[in-house]
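In what follows, a single structure is set out as structure tokens and then discussed.
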Amino acid sequence: MAMPMKICVLASGSSGNAIYVEEAGCGILVDAGLSRRELGARLGTIGVDLGGVSAVLVSHEHGDHVQGLAVLHRVHGIPVHANRMTASGLFDRGLPAPAFRLFRTGADFSVGPFTVSPFPVPHDALDPVGFVLSAGGCRVGISTDLGHPAPQVKERLRGCRAIVIEANHDGELLAGGDRHPSLKERIRGGNGHLSNEEAAALVAAVATEGLRDVFLAHLSRECNRPELARAAVEGALRAAGRGGVAVRLTFADRASDLIECAAENSVPAAPAGVL
Ligand SMILES: [Zn+2]
Ligand SMILES: [Zn+2]
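In terms of the working numbering, the sequence shown is residues -6 to 268.
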């Protein structure tokens, strides 16, 4: 019996982002937007030692995703997986070239038991990506900063067992808020952040029978409410006949639920002769 994959969103939002995924004793981080100390503390709450983390995957170079990266690498020597453009955007953050294991967006690579598939996402960074991590028959899709639900994002998230997706803002709260119009435009634009409504439609569109858990990530403090984000996504899933999917919140100041994702065995096998 294989060990289940574990997934926990350690921090989410414009103040810092980090996601922990573990398979067969190999733990990796997607983004490291918290201080080393804070990352260590939050991993400690789920019984994981920061020094044992095998790798960090970087989605893009924005500070809320990378601010703990240099210290993490210096103290623990944890390798940093990034594409070339993102790495070039990180040199001035004190990360030396040898810290990096470069990947190509669109090309799968391995980290321990994981197959990592980085895919392009629309966002105002140098070469931003989302990731699908596969191991032990389980697939988790992660896309936390994206301006709009581009076709390749839908394609990659379809069929996942768990999805971490941005639900950044409520359309009305953003329109009515007192942010500068240009900032509102950046957030709303095709390379900014995903609204609750867009996240709901995206999740409903990619939800297959195997989808069990959805984490709502990168919620705006000013322009969103957790209950609005959750209601939008739960409503869309119900309307799509996928009301059984667990919709979970993520937080700026604490870790989310830790879920265990066993290889799918509850899906009925195809009848003999049907592939
Ligand atoms: Zn970003
Ligand atoms: Zn971000």
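All residues carry an ideal CB built from backbone N, CA and C; glycine is no exception.
Buried or exposed (CB count within 10 angstroms, at least 16 for buried), residue i
i, result
"Val68", "exposed"
"Pro106", "buried"
"Thr243", "buried"
"Leu95", "exposed"
"Glu220", "exposed"
"Leu176", "exposed"
"Thr137", "buried"
"Pro115", "buried"
"Asp24", "buried"
"Gly44", "exposed"
"Pro79", "This sequence places Thr at residue 79; Pro is not what is there. Answer is buried; the Cβ neighbour count reaches 16."
"Phe84", "exposed"
"Glu215", "exposed"
"Gly123", "buried"
"His173", "exposed"
"Asn10", "buried"
"Glu15", "buried"
"Gly20", "buried"
"Asp120", "buried"
"Asp246", "exposed"
"Gly130", "exposed"
"Glu253", "exposed"
"Arg35", "buried"
Three-state secondary structure assigned by DSSP to residue i
i, result
"Glu159", "strand"
"Ser249", "coil"
"Phe84", "helix"
"Ile71", "coil"
"Ala256", "coil"
"Leu36", "helix"
"Gly134", "strand"
"Leu50", "strand"
"Ala239", "strand"
"Arg181", "helix"
"Ala262", "Caution applies to Ala262, whose pLDDT of 44 falls short of 50 and renders its modelled position unreliable; the value that the coordinates give is listed next. Three-state DSSP puts Ala262 in coil, outside helix and strand."
"Val146", "helix"
"Val226", "helix"
"Ala25", "coil"
"Leu62", "helix"
"Val41", "coil"
"Ser7", "coil"
"Ser175", "helix"
Beta-bridge partners of residue i, as assigned by DSSP
i, result
"Thr108", "Ser103 and Ser127"
"Glu15", "Lys(-1) and Gly20"
"Thr121", "Sequence check: residue 121 is Pro here, not Thr. Its beta-bridge partners do not exist; DSSP assigns none."
"Asp206", "Ala155 and Ala239"
"Asn76", "Phe96"
"Pro113", "Val122"
"Ser213", "The partner list for Ser213 (beta bridge, DSSP) is empty, contrary to what the question assumes."
Heavy atom of ligand 4 within 7 Å of residue i beta-carbon
i, result
"Ser47", "Ligand 4 is not among the ligands present in this structure, which contains only ligand 1 and ligand 2."
Closer than 8 Å to chain C by CB, residue i
i, result
"Ser188", "Looking for chain C here will not work: only one protein chain is present."
Within 5 Å of ligand 1: residues by beta-carbon to any heavy atom: Taking each Cβ in turn, the ones that pass are His55 and Asp138.
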